[in-house]
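In UniProt numbering, the protein residues as written are 1 to 119.
Okay, here's the thing in structure tokens:
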């Protein structure tokens, strides 16, 4: 649940934090097979996520580490290594980026709707 710089990325730890993300990015939750009980918080360029119908996601990836603030990850493989997603298979963003994260009216960040990946 920690990035390479040792910063905590678990939703349970970050749910009350104010997280600054660049315009055009969304907070999403990633699931790691080695930490099934935890959701890891990631900032991802929304152009690389599907629309409401599961379509129109650009190929590729653009993400930032919200733990240490490192920006500009262009490959999901590189990003998954940085956030220590311990993967047993070839990393595919569709398999591991699972949820949109939403903030409640009380300001608590929590698991939102599933990301609808099609095809």
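Cβ atoms here follow ideal geometry from the backbone N, Cα and C, with glycine treated the same way.
Am I right that residue i and residue j are in contact with their C-beta atoms under 8 Å? What's the rounded C-beta distance?
i          : j           : result
residue 26 : residue 75  : Their Cβ separation, rounded to whole angstroms, is 19 Å, which puts residue 26 and residue 75 out of contact at 8 Å.
residue 5  : residue 21  : In fact, because the Cβ distance is near 18 Å, the residues do not count as touching under 8 Å.
residue 16 : residue 108 : 6 Å
In terms of DSSP beta bridges, what is residue i paired with?
i           : result
residue 103 : 109
residue 8   : 2
Check for me: the beta strand (DSSP E) holding residue i runs from which residue to which?
i          : result
residue 31 : 25–31
Buried or exposed: which applies to residue i, given that a residue is buried once 16 or more other Cβ atoms fall within 10 Å of its Cβ?
i          : result
residue 56 : exposed
residue 86 : exposed
residue 30 : buried
residue 93 : buried
residue 24 : exposed
residue 82 : buried
residue 12 : exposed
residue 49 : buried
residue 97 : buried
residue 32 : buried
I'd like the span of the alpha helix (DSSP H) that includes residue i, first residue to last.
i          : result
residue 14 : 11–14
Is the Cβ of residue i closer than 9 Å to any Cβ of chain B?
i          : result
residue 25 : Absent from the structure is chain B; it holds one protein chain and no more.
So within the segment 24–99, which uninterrupted alpha helix (DSSP H) runs reach at least 4 residues, ignoring any that extend past its ends? Runs found: 76–82, 93–96.
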